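Colleague: Following this message is one structure expressed as structure tokens.
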């Protein structure tokens, strides 16, 4: 009996192994889907995005429309860092990418650099010159003026705050009254110290990294000079680093953004404020669906800032470049951008969409009926154009800086962490 | 007890000499008597060639997906390759190896890898042996017990890492809640170097102990039962039987388990990577649990010469694994010799 069953086992195993092998070979050979560039009604054009671009509904609308010449299929990768790695290696391998790819704003400069930009289709179209807010439009261009990416969303930042906790701590909690707390970084940190004195169990802000990011977005040349020379020993950056690390013990949760602890802090009164670009609204709602008391203030310390906002690009490996360009343009057009904002809160870089949202945007009941679209429109006006300067290594150095701040959060001294940071930056060249 | 020298797996020293002799060779000349018939020749051909044909598919596939990438990696480690370039650039000699070896992060990753490896493989094999010994006894519902030790292995490593990730979350994790409930101070599972190694090793052990236990159990079942009866008659206790009969008998399987878990342990990637809360996946903000496999992966996505430097690091990792495997081999052989002498 045992003998029989082992033999059967073995046969199953052998069959399985053979099937795996054949399947593997078949799929290895089957990746070539012909070089014809025309798409029929039942063919699909593919696009990869990360996080939530809010495209699900508008793409469904396209696919349901019988007049559209082809179908669109969106692949959503959970987070940018994962997608960045796939994107990078597929670009180098020269195949495997979808027809349209999404690229995160902070990382865009490295894809615009020489060598990398050759691998993308030039999307230049002068009829679109006035479509997007200028600083975003320019950020999708190479130095010699090739348009590599169409801007999707912009990330003008407001502040989200817990009105109920503010009230408990004896601070003003009304949307208009709290604006003066968020007028400057000094007033912001001062209010934070009062807050934690009254509420010792709750931190003032969500993470050291997010405040660093917010402050950094107001520094003109944080990591590289205008000719892309690396310079991290400048006063602007050092001031951000010092302020954030000095306040880490008292005001920060010291959790890492997007970690389990960070998410848990949304529901357990872990912190009272966080920098809120439009795309963060959806994160707040999904992290704390039952918490009442979240509100959004129409102010930002030190003026304004832009955090994030992505681009759509077409890699040269696409076999349907013309259609891909058309879809990239369609997705970033007014109507679709409004759809994306309503779906995921991604605030459009598209000017007409911004304008329309200001007049038609509905107040958001989750955020105590805050007029989110108007607030973001005001915040967008406060964004200093071209700041910060993002050189080709911006994204790499930003990552290293965030890591350095995390080290201090975890108990390393600010000085030694800074030393490790500068060493790591030196190894980038 | 000492009489039982011909235990399976023990007689290696003796039988190796015989093995080397191989089957007796056939005389070369076909003989003048008659030219062999077609059928005869075919069957001789069959005898000589078909074993190689049977193993050919494996070596064919191995050459394509194992050997070729490995050699190409070695080749690539001597060139430059600008980021996003589609082809490699100029030869740079040993510069990539020098870069990797001078990198403080690489050295830290080396220590982390060995630390996590020791914390996982050593307890894992000890516990697996004990579990196997328990399963080898006459338990009620034997199959049920055996299946359940394998259960963690069936769970995808990513799922394991997610579950343990939230168990070991620094502030909201269950483990720290329990510690707090016992009046102990919480452990910084991600921040503290040793604690993070322990957490990662726990994930690895949870997944692989049952698997190794089953392999060892299979070896234990092959031990002739009369040996135990004889030992029992000589008055050996259960513990004595385990030490003097079971352990020597499963030595070859033990070596297999040790070597495979060494290889797996040194290549560890999924668990630390998914355990990582650092947004740049550096294996902790201070690289405190970055392993060599993660180093290779991160380097392949870094700013300058990503692929060649990753290739150099991958070869260094390969050499390290070979080194450990040889060390294991030599140690086990020496132990075996000594116990035979």
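Protein chains in written order, with UniProt numbering: chain A, 1 to 429; chain B, 1 to 341.
For glycine and all other residues, C-beta sits at the position ideal for the given N, C-alpha and C.
Computed from a predicted model, the values in this text were never measured in an experiment.
Mind pulling the alpha helix (DSSP H) runs of 4 or more residues that sit fully within the segment 199 to 284 of chain B?
Modeller: 225 to 233, 238 to 241, 251 to 266, 270 to 275
Colleague: Can you name the residues of chain A whose CB is closer than 8 Å to the CB of residue 98 of chain B?
Modeller: Reading the second chain from its first residue, position 98 is the one you call residue 98 of chain B. In chain order: nothing, as chain A lies at least about 12 Å away.
Colleague: DSSP on residue 388 of chain A, reduced to helix/strand/coil?
Modeller: Taking the first residue of the first chain as position 1, residue 388 of chain A is located at position 388. Residue state, collapsed to three classes: coil.
Colleague: If we count the other Cβ atoms within 10 Å of its Cβ and call it buried at 16 or more, is residue 346 of chain B buried or exposed?
Modeller: Because residue 346 of chain B is not part of the residues shown, which for chain B are 1 to 341, the question remains open.
Colleague: Tell me whether residue 362 of chain A sits in a helix, a strand or coil according to DSSP, three-state version.
Modeller: For the purposes of this step, residue 362 of chain A is identified with residue 362 of the first chain, where counting begins at 1. Reduced to three states, the DSSP call for residue 362 of chain A is coil.
Colleague: I'd like to know whether the C-beta atoms of residue 99 of chain A and residue 71 of chain A end up nearer to each other than 8 Å.
Modeller: Start at 1 with the first residue of the first chain, and residue 99 of chain A comes out as number 99. Start at 1 with the first residue of the first chain, and residue 71 of chain A comes out as number 71. Contact flag unset, no.
Colleague: How would you write the range of the alpha helix (DSSP H) that residue 60 of chain B sits in, first residue to last?
Modeller: Locating residue 60 of chain B in the second chain gives position 60, where the first residue counts as 1. 38 to 62 is the span of the alpha helix (DSSP H), which, as asked, contains residue 60 of chain B.
Colleague: Can you pull the DSSP bridge partners for residue 92 of chain B?
Modeller: One-based indexing of the second chain puts residue 92 of chain B at position 92. None; residue 92 of chain B has no bridge partner.
Colleague: Could you check the C-alpha separation between residue 288 of chain B and residue 51 of chain B for me, to the nearest Å?
Modeller: Your numbering for residue 288 of chain B matches position 288 in the second chain. Your numbering for residue 51 of chain B matches position 51 in the second chain. Residue 288 of chain B and residue 51 of chain B: Cα-Cα distance of roughly 49 Å.
Colleague: Quick one: what's got a C-beta closer than 6 Å to residue 21 of chain A's C-beta in the same chain, skipping five residues either side?
Modeller: Along the first chain, read from residue 1 onward, the residue named residue 21 of chain A stands at position 21. Annotation note: pLDDT 42 at residue 21 of chain A (below 50); position unreliable, coordinate value reported separately. Cβ neighbours of residue 21 of chain A beyond the five flanking positions: none.
Colleague: Are there three or more Cβ pairs, one per stretch, closer than 8 Å when the segment 198 to 216 of chain B is compared with the segment 112 to 131 of chain B?
Modeller: yes
Colleague: To the nearest angstrom, how far is it from the Cα of residue 373 of chain A to the Cα of residue 111 of chain B?
Modeller: On the first chain, position 373 is the one that residue 373 of chain A refers to. On the second chain, position 111 is the one that residue 111 of chain B refers to. Their backbone Cα atoms lie some 52 Å apart in a straight line.
Colleague: Counting only runs that start and end within the segment 180 to 251 of chain A, where is the alpha helix (DSSP H) found for 4 or more residues in a row?
Modeller: 185 to 198, 208 to 216, 235 to 251
Colleague: For the segment 74 to 96 of chain B, which residues have a CB atom closer than 9 Å to at least one CB atom of chain A, in sequence order?
Modeller: Under the 9 Å Cβ criterion, the segment 74 to 96 of chain B contributes 81, 82, 83, 84, 85, 86.
Colleague: Counting only Cβ pairs nearer than 9 Å, list the residues of chain A close to residue 286 of chain B.
Modeller: Taking the second chain and counting its residues from 1, one reaches residue 286 of chain B at position 286. By Cβ distance, chain A contributes 403, 406, 407, 410, 412, 417, 420.
Colleague: At 9 Å on the CB atoms, spell out the chain B contacts of residue 88 of chain A, in chain order.
Modeller: By one-based count along the first chain, residue 88 of chain A stands at place 88. 83, 84, 300, 301, 306, listed in chain order.
Colleague: According to DSSP, is residue 115 of chain B helix, strand or coil?
Modeller: Along the second chain, read from residue 1 onward, the residue named residue 115 of chain B stands at position 115. Three-state DSSP puts residue 115 of chain B in a helix.
Colleague: Are the beta-carbon atoms of residue 266 of chain A and residue 248 of chain A separated by less than 8 Å?
Modeller: Looking up residue 266 of chain A in the first chain gives position 266. Looking up residue 248 of chain A in the first chain gives position 248. Contact flag unset, no.
Colleague: Listed in chain order, which residues of the segment 157 to 173 of chain B have Cβ atoms closer than 8 Å to some Cβ of chain A?
Modeller: Taking 8 Å as the Cβ-Cβ cut-off against chain A, the residues of the segment 157 to 173 of chain B that qualify are 165, 166, 169, 170, 171, 172, 173.
Colleague: Would you mind giving the Cβ-Cβ distance between residue 313 of chain B and residue 296 of chain B, rounded to the nearest angstrom? I have them listed as a contact below 8 Å.
Modeller: The count along the second chain starts at 1 and reaches residue 313 of chain B at position 313. The count along the second chain starts at 1 and reaches residue 296 of chain B at position 296. Rounded, the Cβ-Cβ distance is 5 Å, consistent with contact.
Colleague: If you draw a straight line from the C-alpha of residue 131 of chain A to the C-alpha of residue 330 of chain A, how long is it?
Modeller: Looking up residue 131 of chain A in the first chain gives position 131. Looking up residue 330 of chain A in the first chain gives position 330. In this model, residue 131 of chain A and residue 330 of chain A are separated by some 12 Å (Cα to Cα).
Colleague: My assumption, with CB atoms under 8 Å, is that residue 77 of chain B sits in contact with residue 308 of chain B. Please give the rounded CB distance.
Modeller: Within the second chain, residue 77 of chain B is the residue found at index 77, counting from 1. Within the second chain, residue 308 of chain B is the residue found at index 308, counting from 1. Their Cβ separation, rounded to whole angstroms, is 6 Å, which keeps residue 77 of chain B and residue 308 of chain B in contact under 8 Å.
Colleague: Measuring CB to CB, does residue 327 of chain A end up less than 8 Å from residue 321 of chain A?
Modeller: Numbered from its first residue, the first chain carries residue 327 of chain A at position 327. Numbered from its first residue, the first chain carries residue 321 of chain A at position 321. In terms of Cβ geometry, residue 327 of chain A and residue 321 of chain A do not form a close pair [threshold 8 Å].
Colleague: Taking Cβ-Cβ distances shorter than 7 Å, what residues in chain B pair up with residue 258 of chain A?
Modeller: Sequence index remark: in the first chain, residue 258 of chain A carries index 258 (1-based). Chain B residues near residue 258 of chain A: 279.
Colleague: Just list the residues that DSSP pairs residue 310 of chain A with in beta bridges.
Modeller: As a first step, residue 310 of chain A is located in the first chain; it is residue number 310 there, counting from the start. Note: residue 310 of chain A sits in a beta bridge opposite A:104.
Colleague: Which residue from A:324, A:348, A:343 puts its Cα closest to that of residue 334 of chain A?
Modeller: Reading the first chain from its first residue, position 334 is the one you call residue 334 of chain A. The shortest CA-to-CA distance from residue 334 of chain A to any of A:324, A:348, A:343 is the one to A:348.
Colleague: Considering only their Cβ atoms, is the gap separating residue 154 of chain A from residue 380 of chain A smaller than 8 Å?
Modeller: To locate residue 380 of chain A, count along the first chain from 1; it is residue 380. To locate residue 154 of chain A, count along the first chain from 1; it is residue 154. Taking 8 Å as the cut-off, the beta carbon of residue 380 of chain A is found closer than this to the beta carbon of residue 154 of chain A.
Colleague: Let me see if you follow: with CB-CB separation under 8 Å, is residue 52 of chain A close to chain B or not?
Modeller: Numbered from its first residue, the first chain carries residue 52 of chain A at position 52. Not closer than 8 Å to any Cβ of chain B, the Cβ of residue 52 of chain A fails to qualify, so no.
Colleague: So what's residue 129 of chain B in DSSP terms, helix, strand or just coil?
Modeller: Within the second chain, numbered from 1, the residue matching residue 129 of chain B stands at position 129. In the structure shown, residue 129 of chain B sits in a helix (DSSP, three-state: H, G or I).
Colleague: What residues in its chain sit with their C-beta under 8 Å from that of residue 258 of chain B, if we drop five residues either side in the sequence?
Modeller: Translated into positions along the second chain, residue 258 of chain B becomes position 258. Cβ within range, chain order: 121, 125, 328, 332.
Colleague: Count the other CB atoms within 10 Å of the CB of residue 59 of chain B; is the residue buried (16 or more) or exposed (fewer)?
Modeller: Along the second chain, one-based indexing puts residue 59 of chain B at 59. Exposed, by the Cβ-count rule.
Colleague: Over the uninterrupted beta strand (DSSP E) stretch that includes residue 159 of chain A, give me the two end residues.
Modeller: Residue mapping note: residue 159 of chain A aligns to position 159 of the first chain, counting from 1. DSSP places residue 159 of chain A inside the beta strand (DSSP E), whose first and last residues are 157 to 162.
Colleague: Starting from residue 91 of chain A, find everything on chain B with Cβ-Cβ shorter than 7 Å and list it in chain order.
Modeller: The residue given as residue 91 of chain A occupies position 91 in the first chain. Near residue 91 of chain A (Cβ distances below 7 Å), the residues of chain B are 84.
Colleague: Buried or exposed: which applies to residue 170 of chain B, given that a residue is buried once 16 or more other Cβ atoms fall within 10 Å of its Cβ?
Modeller: On the second chain, residue 170 of chain B is found 170 positions in, with the first residue counted as 1. Buried.
Colleague: If we count the other Cβ atoms within 10 Å of its Cβ and call it buried at 16 or more, is residue 176 of chain B buried or exposed?
Modeller: Here residue 176 of chain B is taken as the residue at index 176 of the second chain, counted from 1. By the Cβ neighbour-count rule, residue 176 of chain B is buried, with 16 or more other Cβ atoms within 10 Å of its own.
Colleague: Determine the chain B residues that contact residue 427 of chain A at a beta-carbon separation under 7 Å, and present them in chain order.
Modeller: Walking along the first chain from the start, residue 427 of chain A turns up at place 427. Neighbours of residue 427 of chain A in chain B, taken as residues whose beta carbon is under 7 Å from its own, are 103 in chain order.
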